[in-house]
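Notes follow once the structure below has been shown.
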Amino acid sequence: MLEPLHPLLRKAYDPDRFALLGKEVLNDLVIHLNEAQSRSVPQSMPWTHPEEEKKHWETRLDRPEGLAALMREVIRRSNGLQDPRYMGHQVAVPFPDGALVGMVTDMLNNGGAVYEMGPTNSAMEEVLMSRIGEMMGLAEGCGGIMCHGGTLANLVALLAARRAHGGQARDAWRDGDDGMGAVLVSDQAHYCVDRAVRIMGWGKEGVGLVATDSHHRMTREGLEESYAAMQASGRRVVAVVGSACTTSSGAFDDLNLAADFARERGLWFHVDGAHGAPAVFSARHRQAVAGMERADSIAMDFHKIMGVPALCTGLFYARQEDSFLPFTQAAEYLWSDAEDPEWWNFGKRTFECTKRMLSTRVAAVLEEYGPEIWGVLVDRLFGLGAELADLVESRRANGWELAMRPEANIVCFRLLPEALGSLKAENDFTLRLRQKHLEVGAHYVVQTRFGGVVWLRCTLMNPLTGAADLNAMLDAFEGLAAGLANQG
Ligand SMILES: Cc1ncc(COP(=O)(O)O)c(C=O)c1O
């Protein structure tokens, strides 16, 4: 005989308790939002050493105090992305509404492998991918899938490229690969393209790095040289990947140049627009992605500069039917015919089986604000990038140096208050300065390295950041640099 429902399960599913807890947690989130926006906590990234943080949780997790208390502590100890002084990584400062959408979709938990798991989000995904694709300049007939992250989207796009342009007698998906494929990509591209190529079994040699100019853009000569080198080593180039924009410095490849090159040689043209593709929604910045509309596929993260919580990526195909290229697999318990291009069973086109209700998150933004908000956000964030660059340049006399004029909201710069004699000494100084700032600074800034030089790096993701925040951050670095210089 079936036992009565265990009291723990009764508690877990009790609607009244859910309502009470919900009020408490929502109230804490509102307090957090107010505190973050008013910059009232000491650090936007509350720094603790990883071992120290781990030790904290080793003890704390042994003393449960209830969900609301745990949430309060997680909020307090986590990075304050909603704090306008957070200028570090490229993750969205989500429109706070996203938390409400997340609450609903987490409760409904309709997976997306097949239509019957999530009819509403599956249908919305199909509509949104073609509509947004058209807004981005792709022709009628475009479409695609949503997935968990740009890394995955780039891998799936390259699987499509291999299938479409493999040039092999055998079908790589069915029979395996000969390991001799290759992809051409900027030497400044995100590491996930390299990773995807290696996952596909083409190894390090399958990544044809293309030389870039002083603005970190692939050059025509670089493409030709890399292509010739691949051919000389017996490799079959299947795709050119354009970066829009690069991760380290926010540079946009000349996508028309890359598209021309790909078309001339019959290659797949993929745009990694994880970060910068939303520039297309801004009349002011659209030019940066001119040529993107000629791509066979585009990866764009809704969870970067589109205000949607992570992870939520669109993988757009110029031709919706190409989204069936990456995978052809029978899964008897889900669908009966592997070859049938039924749009509604998304598992046929996505790496993931179950996935979250991603389309609902995007639909919620469009429902409340329309696509204009993406253009407005791009204008503000790219504008903040330009403002920071101007401020750095205006302080050149104090030892500030700008790596390059930013094209997006990513700015790289460094501060050397005095001559240090060697690049190594300069790099060591920047690393020490950044570490000191990480430990005590109110703002959060990261670091990167290109051209052998270590740079401080800001990604301005929060539209509430203002010129005063940027100046305060630069002042803080100047104070710390003076202290470090005195220590020798
Ligand atoms: C250009 C570019 N491509 C891909 C990625 C990876 O995206 P995700 O973090 O969504 O996997 C990033 C992340 O920073 C990126 O900047």
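For the sequence shown, numbering that gives the first Met the number 0 begins at 0 and goes up steadily by one.
For each residue, glycine too, the CB sits at the ideal point set by N, CA and C.
contact_flag[the stretch 119-126, the stretch 256-273] where n(CB pairs < 8 angstroms) is 3 or more: no
Any non-hydrogen atom of ligand 1 within 7 angstroms of residue 36 CB: no
Sheet register partners of residue 299 (DSSP bridge): 313
Sheet register partners of residue 144 (DSSP bridge): 314
heavy atom of ligand 1 below 7 angstroms from residue 294 C-beta: no
Option in 41, 112, 162 and 241 with minimal Cα separation from residue 209: 241
Distance cut-off 7 angstroms: residue 164 Cβ against heavy atoms of ligand 1: Not so, every heavy atom of ligand 1 lies at least 7 angstroms from the Cβ.
Beta-bridge partners of residue 207, as assigned by DSSP: In the DSSP output, where bridge partners are listed per residue, residue 207 has 183.
Cut-off 7 angstroms between Cβ atoms - residues of its own chain near residue 281, not counting five sequence neighbours on either side: 374, 377 and 378
Segment contact, 8 angstroms Cβ cut-off, at least three pairs: the stretch 462-477 with the stretch 59-74: no
Neighbourhood of residue 184 by C-beta distance below 6 angstroms, restricted to the same chain and skipping five residues each side: 192 and 240
Buried or exposed (CB count within 10 angstroms, at least 16 for buried), residue 399: Buried, since its Cβ has 16 or more Cβ neighbours within 10 Å.
Any 3 or more C-beta pairs closer than 8 angstroms across the stretch 288-297 and the stretch 341-348: no
With 16 other Cβ atoms within 10 Å as the buried cut-off, status of residue 233: exposed
Whole-number beta carbon distance between residue 237 and residue 160, since they are thought to touch under 8 angstroms: 5 angstroms
Per DSSP, the bridge partner or partners of residue 455: Under DSSP, residue 455 forms a beta bridge with 412 and 446.
Residue 459: CB within 7 angstroms of a non-hydrogen atom of ligand 1: no
Element boundaries [alpha helix (DSSP H), containing residue 46]: Where residue 46 is concerned, there is no enclosing alpha helix (DSSP H), given that its DSSP letter is neither H nor E.
Close-in-space but distant-in-sequence residues of the same chain around residue 76 (CB under 7 angstroms, 5 per side omitted): Closer than 7 angstroms at Cβ, skipping near neighbours: 45.
Residue 427: first and last residue of the uninterrupted alpha helix (DSSP H) it sits in: 422-439
Environment of residue 56 [buried if 16+ CB atoms lie within 10 Å]: exposed
Cβ shell of residue 78 (< 6 angstroms), same chain only, five flanking positions each side left out: If the five residues before and after residue 78 are omitted, its C-beta is found closer than 6 angstroms to the C-beta atoms of 44, all from its own chain and listed in chain order.
Reference residue 96, options 359, 455 and 471, closest by Cα: That would be 359, whose Cα lies nearest to the Cα of residue 96.
Inter-residue CB distance, residue 110 and residue 354 (contact presumed, cutoff 8 angstroms): 7 angstroms
Nearest residue (CA-CA) to residue 286, options 153, 251 and 49: 251
Beta-carbon proximity of residue 437 to residue 479, cut-off 8 angstroms: no
Status (buried if at least 16 other CB within 10 Å, exposed otherwise) for residue 65: Exposed.
For residue 271, the residue or residues it bridges with in DSSP: 242 and 298
Close Cβ partners of residue 351 (< 7 angstroms) along its chain, the five nearest in sequence each way excluded: 146 and 147
For residue 399: DSSP bridge partner residues: 414
For residue 85: DSSP bridge partner residues: Bridge partners of residue 85: 443.
Extent of the continuous alpha helix (DSSP H) to which residue 366 belongs: 357-368
Residue environment, residue 418, which counts as buried when at least 16 other CB atoms sit within 10 Å: Residue 418 comes out exposed.
Sequence-distant residues of its chain with Cβ nearer than 7 angstroms to residue 435 (five each side left out): 479 and 483
Any non-hydrogen atom of ligand 1 closer than 7 angstroms to residue 312 Cβ: yes
Nearest-angstrom Cα separation, counted from residue 101 out to residue 444: 28 angstroms
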